[in-house]
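>
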Ligand SMILES: Cc1cc2nc3c(=O)[nH]c(=O)nc-3n(C[C@H](O)[C@H](O)[C@H](O)COP(=O)(O)O)c2cc1C
């Protein structure tokens, strides 16, 4: 029902502040789920990556359920996997509002949220209480006031609290809204962070017998050479996968022309204009990794053909965020069908 309602509700939602609309939509979704009003989702088309069983190839990207408050309701939309976060060790408020902007004619958003979240401990309790038994990823980051030199401590702190409750952990080194975070993509920073997390992971495996795949989430603003170097590092360290990509700080000319000053808002651009950048990143990752990394394609998927293009470029799995804001829950089944294994 909600699936069919969204096209009717969207014009109303788009009249109010984007962050308020976001909260309203998610709490309505949760209520609809609790009242059993959500339709049955598609039958599974199972695939296995990184040793994990995915019901289908379509996941929810990080940032939509930052605090793990809506996992079960979002799962009811049919997602094959859900990524919560970005979570930081300590709770933080994020950047000042307004910090989320619609670029409607471009099917895009600009955000400078800056990781507002309830902190690792509170979110861990929510993960423990979830009913969803599908693949659950946790995306981790560092607090805004943690100096770059101590970033590794923040990632390790999050990992210790959250990894035991997750199916995979995504290391976010690509958000443009935490000062200098993207510098952590450079191998002199990234290597020690990943090595420390692998060490934590090995301890966890020893205790629990379960291996928790580790993925790195990268920016679309890296050059092909930088992406290629980063992929080589991930392969050398035997990292399981890569999520490509986060939002872009670039402003493609078409967006700037169409949106005027709105395109000048500071922050990361997501949605349709990111697709080409993400596809380029995925092609590079695929060429370098030759199957040694699981590739999660994200950025600009707003219709079935975009998901097919991601698959053709080399993505094993896909994720979506902005497309959902514009197209509503019906998009999930559309993408599941487009990426179904025959
Ligand atoms: C409002 C908003 C908040 C986001 N927050 C996060 C975040 O906390 N962590 C993260 O890794 N990515 C975050 N992202 C990036 C998305 O996960 C995704 O990588 C990006 O938006 C590109 O996909 P899309 O075009 O389907 O939105 C956020 C995106 C948006 C629009």
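In the working numbering, the protein residues as written are 696 to 1037.
Cβ coordinates follow ideal geometry from the N, Cα and C atoms, glycine included.
Quick one: is residue 1014 buried, meaning 16 or more other Cβ sit within 10 Å of its Cβ, or exposed?
The residue is buried, with at least 16 neighbouring Cβ atoms inside 10 Å.
> Which of the three DSSP states, helix, strand or coil, is assigned to residue 762?
Reduced to three states, the DSSP call for residue 762 is coil.
> Please report the straight-line C-alpha distance between residue 1024 and residue 993, rounded to a whole angstrom.
If you take the alpha carbons of residue 1024 and residue 993, they lie about 17 Å apart.
> Between the segment 927-940 and the segment 951-959, do at least 3 Cβ pairs fall closer than 8 Å?
Cβ pair count under 8 Å is below three, so no.
> Cβ of residue 1016 versus every heavy atom of ligand 1: is any distance shorter than 6 Å?
Flag set: Cβ of residue 1016 near ligand 1.
> With a 10 Å radius around its C-beta and 16 neighbouring C-beta atoms as the bar for buried, classify residue 842 as buried or exposed.
Per the 10 Å Cβ criterion, exposed.
> Confirm, please, whether the CB-CB distance from residue 861 to residue 833 is below 7 Å.
In contact: residue 833 and residue 861 (Cβ atoms closer than 7 Å).
> Going by C-alpha distance, which of 917, 920, 905 and 845 is nearest residue 859?
Out of 917, 920, 905 and 845, 905 has the C-alpha closest to the C-alpha of residue 859.
> Any heavy atom of ligand 1 closer than 6 Å to the Cβ of residue 804?
Indeed, a heavy atom of ligand 1 lies less than 6 Å from the Cβ.
> Nearest-angstrom Cα distance between residue 721 and residue 764?
In a straight line, the C-alpha of residue 721 is about 9 Å away from that of residue 764.
> Let me check one thing: in DSSP terms, what residues is residue 748 bridge-paired to?
Residue 748 is bridged to 743.
> Mind checking who residue 943 pairs with in its DSSP beta bridge?
The partner list for residue 943 (beta bridge, DSSP) reads 964.
> Would you kindly report the start and end of the unbroken beta strand (DSSP E) that includes residue 881?
First-last for residue 881: undefined, no H or E at that position.
> Is the beta carbon of residue 757 within less than 6 Å of some heavy atom of ligand 1?
Yes, the Cβ of residue 757 comes within 6 Å of a heavy atom of ligand 1.
> When you compare each of 990, 1027 and 960 to residue 796 by their alpha carbons, which one comes out closest?
Closest option to residue 796, Cα to Cα, is 960.
> Look at the alpha carbon of residue 876 and the alpha carbon of residue 921, and state the distance between them as a whole number of angstroms.
Their Cα atoms are separated by approximately 16 Å.
> Kindly examine ligand 1 and report whether one of its heavy atoms sits closer than 6 Å to the Cβ of residue 942.
Yes, ligand 1 has a heavy atom inside 6 Å of this Cβ.
> In whole angstroms, give me the CA-to-CA distance for residue 791 and residue 945.
Cα to Cα, residue 791 sits roughly 22 Å from residue 945.
> Excluding five sequence neighbours on each side, which residues of the same chain lie with their C-beta closer than 8 Å to the C-beta of residue 978?
Result list for residue 978: 1008 and 1009, in chain order.
> Quick check on the DSSP output: what are the complete alpha helix (DSSP H) runs of length 4 or more inside the segment 897-948, in order along the chain?
Entirely contained in the segment 897-948, the alpha helix (DSSP H) runs reaching 4 residues are, in chain order, 919-931.
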